[in-house]
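Here's the structure, in structure tokens; my notes come after.
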Amino acid sequence: MSEIRFDIGSLHAAYAAGVSVANMIDTVHARIAAADDPGIFIHLAAKAEMLAQAQKLGPFDPAGRPLWGVPFAVKDNIDVAGMPTTAACAEYAYVPEHDATVVARLKAAGALVVGKTNLDQFATGLVGVRTPYPIPRNAVDASLVPGGSSSGSAVATARGIVSFALGTDTAGSGRIPAGLNNIVGLKPTVGALSAAGVVPACRTLDCISVFALTVDDAYAVFGVAAAKDAADAYSRAIKVPAFAARPPVLSVGVPAKGDLKFFGDASMQAGFETALGLLETLGCRLVEIPFGDFYATANLLYEGAWVAERYAAVRDFMDANEAAMHPVTRKIIGGARGLSAADAFKGLYALQACKAKLASVIASVDLFCVPTAPTHYALDAVLADPITTNSRLGTYTNFVNLLDMCGIAVPTGKRHDGLPMSVTLLGTAGKDWLTAALARDIHAASGLPLGATGWPQPGSALPGNIAQDQTIDLVVVGAHLSGMPLNGQLRDLGAQFSRVTKTTPAYRLYALAGQSVPKPGLVRVSRDGMRIDVEVWRLDPDAFGRFVAAIPPPLGVGTIELEDGSAAKGFLVETAGLTDASDISAYGGWRSFVRCDQERANLLAT
721 MSEIRFDIGS LHAAYAAGVS VANMIDTVHA RIAAADDPGI FIHLAAKAEM
771 LAQAQKLGPF DPAGRPLWGV PFAVKDNIDV AGMPTTAACA EYAYVPEHDA
821 TVVARLKAAG ALVVGKTNLD QFATGLVGVR TPYPIPRNAV DASLVPGGSS
871 SGSAVATARG IVSFALGTDT AGSGRIPAGL NNIVGLKPTV GALSAAGVVP
921 ACRTLDCISV FALTVDDAYA VFGVAAAKDA ADAYSRAIKV PAFAARPPVL
971 SVGVPAKGDL KFFGDASMQA GFETALGLLE TLGCRLVEIP FGDFYATANL
1021 LYEGAWVAER YAAVRDFMDA NEAAMHPVTR KIIGGARGLS AADAFKGLYA
1071 LQACKAKLAS VIASVDLFCV PTAPTHYALD AVLADPITTN SRLGTYTNFV
1121 NLLDMCGIAV PTGKRHDGLP MSVTLLGTAG KDWLTAALAR DIHAASGLPL
1171 GATGWPQPGS ALPGNIAQDQ TIDLVVVGAH LSGMPLNGQL RDLGAQFSRV
1221 TKTTPAYRLY ALAGQSVPKP GLVRVSRDGM RIDVEVWRLD PDAFGRFVAA
1271 IPPPLGVGTI ELEDGSAAKG FLVETAGLTD ASDISAYGGW RSFVRCDQER
1321 ANLLAT
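For the sequence shown, this note's numbering begins at 721 and goes up steadily by one.
Rendered as structure tokens:
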């Protein structure tokens, strides 16, 4: 039998072709043996246990159970019923009776737990070496650190042992290991995935993360796992729309050149510059952003309030069993003993000041793009200087949860020296779908194989033309197009981009006169019409109603026929509004007209 690929689409295709779950389980254990890495797992399910899980699923049913027969691993600070939870400290171990909420949701969707993975003890670290167990080996280059704290989960995914794995991410633990092992790491909006059943690091900031071989898989797992949970006071309801295409034009904030930090790693710097060029080829408009205040926010994470929160999470155990803890972990968390409540409030005030200062900056762009890590570190270098190296790895990750942002780490290529290059896309809370949509295109453009498996990326098609339940399609033709001045009105209402298309050849487009913001008007005509470029966005009914109510005359909303045979509500103009308007139909659309108009203005200026 040919090798079984574990990206979800390929695995389900294999099941449909007759591969059995028993074949899959044998493959999992064969890959564990081939890896010969005792640092990946702290606890493994026996084959019989996995078969018992599978027998409860019934016949192959990917429609009813979207993760049917999909193997996954769980970071060992997340509860799996009947398996010990150690948080990488054997003396802390307990055997939970119940699954963590997220694990339960994934099991209900058909996923099968392979085992519990190694981590930086008590999820304190970004290097992956702060464990009393063997250190997991980086899947790409064993001389490098695997990244942490979710080290075992990332390595298991990169080696194709599992289809996906759960990590946690407080300071970057769901992104750094992904970047260092050539895989995808989705760090959701804080609270989107319940933290019930997770050994806390910083309870106010913790979130479960997803490692996967592809963006599609990571987002699919996120969609299954996300739900508000009464068992977690910090849980919140976050919309997870169906995965669709991204808007064709996005403004992407990047650190100003003078603010970038690579700590002498010229290959990482060159790799990031190449990645930015890739973004531009994908239609993104790059905006340089001063990054000093982001770095100042990041520095807060290991000061005052949040170090104290780490201590609060394990205080009883630490005070009674301090000698059992890893020396670096003990030093970091133990530093909280010298802090006062006043220090904690000082940190909270500083964070609020940072949030206020950065709010308009964050709102000025659609997304941000940063290096996932500023450099790769050799294992020996980290063991020699564990604090400085760890701190540097968090340069572009530590501020994210503090500022309530979501993110996804995605491979972009190989550096000059052949090591993995990765960037992280960041968005405001709830923009998980948008970061994932752009990440998907970046990964596809990279042409990279999946993780360390050598498997080529699978092809897939987004269901972009399928309307979601209870959403309304809105056709936009001018200033509300992606990248245009009024597009923010749609985004503020939670609209999701659906697709680029054209009208039927029954319309003409006019540049309206006397508008404070230049905009066109679309008119249906009985003859001499043309196809006009448009975009379709989706809004829920309440948002659609509010949007339509705010439309100023002479514009209104009517039914627009599209070239694919469908029809949707969209912008039309009253004939009275065409006074002094210019017919620009020959340009084919507003974006083309604006571009040509700007080119004319530039020529006149020279």
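Don't be surprised by glycine CBs; every beta carbon is placed ideally from N, CA and C.
These figures come from a predicted structure and were not determined experimentally.
With 16 other Cβ atoms within 10 Å as the buried cut-off, status of residue i
i            : result
residue 1069 : exposed
residue 840  : buried
residue 1142 : buried
residue 1206 : exposed
residue 1118 : buried
residue 1018 : buried
residue 1186 : Interpretation of residue 1186 is limited by its pLDDT of 42, a score under 50 that renders its predicted location unreliable; the figure taken from the coordinates is listed afterwards. The residue is exposed, with fewer than 16 neighbouring Cβ atoms inside 10 Å.
residue 1140 : buried
residue 873  : buried
residue 1091 : buried
residue 775  : exposed
residue 1309 : buried
residue 1271 : exposed
residue 948  : exposed
residue 1258 : buried
residue 735  : buried
residue 1041 : exposed
residue 795  : buried
Residue i vs residue j beta-carbon contact at 8 Å
i            : j            : result
residue 759  : residue 838  : yes
residue 1115 : residue 1128 : no
residue 845  : residue 1110 : yes
residue 1249 : residue 1269 : no
residue 1196 : residue 1255 : yes
residue 917  : residue 798  : yes
residue 1202 : residue 1027 : no
residue 944  : residue 973  : no
residue 832  : residue 770  : yes
residue 1048 : residue 857  : no
residue 1292 : residue 1242 : yes
residue 935  : residue 1130 : yes
residue 867  : residue 894  : no
Length of the line joining the Cα atoms of residue i and residue j
i            : j            : result
residue 1112 : residue 1094 : 7 Å
residue 1212 : residue 1289 : 19 Å
residue 1146 : residue 790  : 28 Å
residue 1061 : residue 1055 : 14 Å
residue 1319 : residue 1165 : 29 Å
residue 991  : residue 982  : 11 Å
residue 1138 : residue 1063 : 45 Å
residue 728  : residue 1323 : 52 Å
residue 1221 : residue 1235 : 26 Å
residue 1155 : residue 896  : 17 Å
residue 818  : residue 824  : 8 Å
residue 1208 : residue 820  : 38 Å
residue 964  : residue 1088 : 20 Å
residue 784  : residue 829  : 8 Å
residue 939  : residue 827  : 16 Å
residue 966  : residue 1000 : 14 Å
residue 1184 : residue 1283 : Any reading at residue 1184 must be qualified, since the residue scores a pLDDT of 43, below 50, and its modelled position is unreliable; no value is offered.
residue 1002 : residue 1133 : 15 Å
residue 1108 : residue 1101 : 10 Å
residue 931  : residue 1223 : 40 Å
residue 755  : residue 1043 : 32 Å
residue 1231 : residue 1267 : 22 Å
residue 1276 : residue 1264 : 13 Å
residue 985  : residue 1168 : 22 Å
Beta bridge counterpart(s) of residue i as assigned by DSSP
i            : result
residue 1258 : 1193 and 1216
residue 1098 : 864
residue 710  : What is shown of the chain runs 721 to 1326, which leaves residue 710 out entirely.
residue 1004 : 970
residue 983  : Paired residues: none, contrary to the question.
residue 1147 : 1126
residue 1089 : 1145
residue 1253 : 1222
residue 1288 : 1280
residue 1133 : 1141
residue 1293 : 1275
residue 1009 : 975
Residue i CB to nearest heavy atom of the ligand PLP below 7 Å
i            : result
residue 1027 : Although the ligand PLP was asked about, the structure shown includes no ligands whatsoever.
Problem - Unbroken stretches of the alpha helix (DSSP H), 4 residues or longer, contained in the segment 861-936 - result: 871-878 and 896-900
Handout entry: Whole alpha helix (DSSP H) elements within the segment 787-855, 4-residue minimum
Key = 821-828
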